[in-house]
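Single-structure report; data block below.
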Amino acid sequence: MDLGAPHGIRFRFRAGLLRAALLDVHRKPPLTLGEHPVTGARDLVVDPAVDPESDPEVDPAGEVRARGVLRLRFDLPAPAEWRLTVGARGVRTADGVVFALPDAVRLRVGGTAPASAGPDGVCVALPAGRSEVRVEVTSAVTSARAPGVADTVVVCRPEQVREAAVVLSCLPADRFAPVVPLRPPPIPEAEYLARHAECTASRALGDEDDTARLQAALAPYTSWLRHHERLAELFDRLGVRRAVFLCEPEPEELNAVDPADGGGRLFDGLDVVRLSRSPNLTAAAWQALRDGEPDTLDVPPDADFTAALFTSLRLGKPLRVVEGAPPPPFAGHNPDGDEAVLVEDAGTADALVAAAYAHHRDARLVITPPPDLAEVRRVVAREQGRITAAARAIGDAVRGIGFVEALWRYLSTGDQDPFAAVEAAVTAQVPDRVVAEVGQRRLTAFTEGLPYPFVRGWARKPVGHVVADPALVVLTELHADGAAPGPAAFGLVFDDGPRWAGAPGPVHPVVLSGPDASAAALCALTEDLPVRLLFFNTHGDDGGIALGGRELPEWLVPHRLRLRHRPVVLNNSCRSWTDLGREFARAGARGYVGALWAIPPNLAADFAATALRRLAEGVPAAHAVVGTGTPGGVERSYLYAGTVNGRLDRS
């Protein structure tokens with residue numbers, strides 16, 4: 001027997017007992033439950049379907065959620081214990097016992113009698129006479145593609161690569177399990193609070209210049225805090241319910257809420273498993289996380305643990321470190337499909353995110369040493385200066401495609417490609433073996449900042465760059481893939497001229513120029529509208545984003561910008577694409593398209609019109625910015641920060 005509306009969450013009973021909550025309308029598997037019998041009379045009532053727009057427990061501006069409520073009304077001759085097996089450990093709250101479950105599902109059990117959490121469910125002490133138990137299931141409404149995220153996060157120090165790989169290998173291999181290497185804040189919490197108080201006092205005095213100076217000084221800490229804040233949001237929305245700690249962090253290392261506002265920790269509300277002192281880590285992790293006896297993949301202590309984790313996930317076997325064991329059979333289990341994941345392995349646990357993501361995508365994993373970026377940065381800076389000087393020399397006399405041709409001739413020596421120096425510098429950092437392994441595959445590169453489209457022969461290859469915060473970038477993608485379609489989509493276009501012809505298809509353009517294109521408008525509109533695209537086609541004399549006649553201060557992004565609808569950002573300024581890409585990702589962006597050097601606004605608008613039309617059609621961003629039909633000198637100026645699979649949220 002099933003109870004509940006056919007268009008909502010339903011409750012299934014067998015032999016008169018609750019056995020499951022059905023979530024098929026959300027394209028999710030049933031939530032298996034096990035009600036234990038109680039002697040006495042019982043009535044069953046299912047509340048009407050909940051309207052997410054009006055229900056106070058649902059945030060209609062964020063993720064669309066639905067809720068089903070089952071009321072079990074008892075009339076008992078004597079006190080009894082009512083039990084429900086959930087298969088997970090809950091957390092006792094003022095309203096009952098709450099379970100954070102996979103697939104962004106939450107179960108809460110409460111009622112008129114006290115409820116307590118058990119090892120695998122909940123118990124309610126029912127009195128004699130009448131009482132009520134309330135079973136509430138809340139589910140994020142997802143699209144056809146499930147997020148595929150594990151319910152466990154592994155927390156470690158960056159150098160704990162071996163330990164983190166072992167624990168990750170003990171988790172089910174059919175879901176992406178995030179690892180978060182903890183890094184201390186840029187400044188101590190006490191110093192931040194002192195500076196924050198100084199900034200608050202300056203703002204109260206109306207001293208704008210001094211306030212801006214102090215906010216800029218606070219920006220590194222604020223950015224670090226935003227990273228933790230975004231991770232906490234994603235853990236909640238993706239149903240992560242457990243954290244495995246391989247280290248013992250100080251409390252201030254876990255801040256995810258501004259300590260000046262009372263504070264809050266990154267893993268608050270999650271079940272905690274501590275394995276930092278376990279001598280036999282495989283056995284301890286398996287016992288804590290799985291059932292039965294493991295069939296292990298034995299590897300030597302000096303193994304490449306990025307390759308070892310990937311191999312263990314492909315085989316479905318947990319890693320066990322054994323002296324004298326052979327190296328893992330990495331090459332024999334590396335897929336040969338059309339997608340590759342490259343990781344610059346610097347010996348930190350961040351590389352494990354790339355290995356887990358490659359397995360999740362069934363992609364070929366290519367491991368390479370970190371590049372030396374000094375020469376690449378020097379060459380890019382030199383070329384940026386040449387292009388800027390050439391553009392100014394040509395001036396406004398030549399327009400459109402003619403400008404590009406004139407610029408190309410100005411930069412070229414004879415028939416030489418003007419980007420040859422950049423190609424040579426980048427290609428020198430990528431071993432021939434790596435180029436051959438990637439081949440023609442589309443690529444996600446977990447990198448310190450090497451612009452991989454400048455590898456010789458890769459100009460038309462779709463490439464996504466994960467340049468910082470790998471767990472955050474991947475979780476943002478997986479969450480966006482599983483989020484519900486929104487009612488509308490807007491594109492914000494900041495342009496200092498009349499060039500913009502309009503955004504395509506289902507994306508409704510809001511074009512702002514002159515004094516309307518202000519930082520205040522940026523913050524307000526991204527807060528009030530479901531903005532899926534952001535295009536900045538305004539830049540000042542020094543290459544930064546100019547809004548309302550003033551350059552956008554870099555501290556504003558971490559301090560004030562909240563991109564709640566995960567837009568793709570396209571920026572025509574030539575500030576560091578890695579740094580700005582990181583800040584926009586921490587603000588909530590799905591991906592970031594940045595320019596290596598400044599492109600004249602009219603040409604940038606032509607490129608953006610093609611790229612944004614493709615994005616609106618559902619083309620992944622890394623694909624949308626290549627083969628645009630615009631001159632190569634324009635197209636090659638842009639790089640995508642995000643995975644090669646990142647695309648505009650469906651709307």
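According to our numbering, the sequence shown is numbered sequentially starting from 1.
By construction, the Cβ of each residue, glycine as well, lies at the ideal position given by its N, Cα and C atoms.
Predicted model only: the values in this text are computed from it and were never measured.
Tell me the DSSP secondary structure of residue i in three-state form.
| i | result |
| --- | --- |
| glycine 62 | Model confidence at glycine 62 stands at a pLDDT of 43, short of 50, so the residue's coordinates are unreliable; what they give is reported in the following sentence. The answer is coil: DSSP assigns glycine 62 none of H, G, I, E or B. |
| histidine 565 | coil |
| threonine 526 | helix |
| proline 515 | helix |
| glutamate 437 | helix |
| histidine 228 | helix |
| proline 188 | coil |
| tryptophan 286 | helix |
| glycine 591 | strand |
| leucine 246 | coil |
| valine 625 | coil |
| histidine 36 | coil |
| serine 223 | helix |
| aspartate 495 | strand |
| alanine 608 | helix |
Pull up the distance between the alpha-carbon of residue i and that of residue j, whole angstroms please.
| i | j | result |
| --- | --- | --- |
| proline 114 | valine 122 | 10 Å |
| proline 127 | glycine 482 | 42 Å |
| tyrosine 192 | tyrosine 592 | 29 Å |
| alanine 66 | leucine 22 | 12 Å |
| glycine 4 | aspartate 47 | 8 Å |
| glycine 16 | arginine 441 | 55 Å |
| aspartate 120 | valine 86 | 6 Å |
| valine 619 | arginine 566 | 16 Å |
| leucine 570 | glutamate 551 | 17 Å |
| alanine 140 | valine 105 | 7 Å |
| glutamate 383 | alanine 425 | 12 Å |
| arginine 42 | aspartate 291 | 35 Å |
| proline 558 | aspartate 469 | 15 Å |
| glutamate 248 | proline 431 | 38 Å |
| aspartate 372 | leucine 450 | 9 Å |
| methionine 1 | threonine 610 | 53 Å |
Tell me which same chain residues have a C-beta within less than 8 Å of the C-beta of residue i, skipping the five on either side of it?
| i | result |
| --- | --- |
| leucine 246 | Val154, Val155, Cys156, Arg157, Gln160, Glu163, Ala164, Val167, Leu275 and Ser276 |
| aspartate 55 | With a pLDDT of only 41 at aspartate 55, under the threshold of 50, the placement of this residue in the model should not be trusted; the figure read from the coordinates follows. Hits under 8 Å: Arg67. |
| arginine 19 | Arg12, Phe13, Thr32, Leu33, Gly34 and Glu35 |
| glutamate 198 | Leu214 |
| glutamate 323 | Pro300 and Pro301 |
Please report whether the beta-carbon of residue i lies at a distance below 7 Å from any beta-carbon of chain D.
| i | result |
| --- | --- |
| valine 634 | The structure shown contains no chain D, having only a single protein chain. |
Our contact map puts residue i next to residue j with C-beta atoms below 8 Å; I'd like the distance itself, whole angstroms only.
| i | j | result |
| --- | --- | --- |
| alanine 150 | glycine 316 | So it is not a contact: roughly 14 Å between Cβ atoms. |
| proline 509 | valine 493 | 6 Å |
| histidine 479 | arginine 237 | 6 Å |
| leucine 313 | alanine 354 | Rounded, the Cβ-Cβ distance is 12 Å, inconsistent with contact. |
| valine 343 | alanine 351 | 5 Å |
| leucine 556 | alanine 519 | 6 Å |
| phenylalanine 536 | serine 573 | 6 Å |
| tryptophan 82 | valine 45 | Not quite, the Cβ-Cβ distance comes to about 16 Å (not below 8 Å), so this is no contact. |
| asparagine 334 | arginine 364 | 6 Å |
Of all the options the options, which has the alpha carbon lying nearest to the alpha carbon of residue i?
| i | options | result |
| --- | --- | --- |
| proline 220 | Glu233, Val69, Pro186 and Ala204 | Pro186 |
| threonine 311 | Asp302, Gly292, Ala331 and Gly324 | Ala331 |
| glycine 118 | Thr628, Gly111 and Gly90 | Gly90 |
| arginine 562 | Leu547, Arg532 and Glu551 | Arg532 |
| valine 38 | His360, Arg241, Leu84 and Asp210 | Leu84 |
| arginine 560 | Thr538, Arg575 and Leu525 | Leu525 |
| leucine 522 | Val473, Arg71, Leu475 and Phe584 | Phe584 |
| arginine 242 | Leu171, Ser223, Pro301 and Ser278 | Leu171 |
| leucine 70 | Arg10, Ala517 and Pro249 | Arg10 |
| glycine 239 | His360, Glu375, Leu475 and Gly324 | Leu475 |
Is residue i a contact residue of the ligand NAD, with contact defined as CB to any heavy atom under 6 Å?
| i | result |
| --- | --- |
| valine 133 | No copy of the ligand NAD appears in this structure; indeed no ligand is present at all. |
Spatial neighbours of residue i within its chain, please: C-beta separation below 6 Å, excluding the five flanking residues on both sides.
| i | result |
| --- | --- |
| threonine 282 | Val166, Pro318 and Arg320 |
| serine 131 | Phe74, Thr112 and Ala113 |
| glycine 464 | Thr444, Ala622, Tyr640, Gly642, Thr643 and Val644 |
| arginine 108 | Gly96, Val98 and Glu136 |
| valine 273 | Val244 and Ala288 |
| aspartate 656 | Outside the shown range of the chain, which is 1 to 651, sits residue 656, and nothing can be said about it. |
| alanine 78 | Ala128 |
| aspartate 207 | none |
| isoleucine 387 | Trp597 |
| glutamate 252 | Glu189 |
Please return the same chain residues whose Cβ sits closer than 7 Å to the Cβ of residue i, not counting the five positions on each side in sequence.
| i | result |
| --- | --- |
| arginine 92 | Ser116 and Ala117 |
| alanine 232 | Ala256 and Leu266 |
| glycine 263 | Asn255 and Val257 |
| valine 380 | Val422 and Leu596 |
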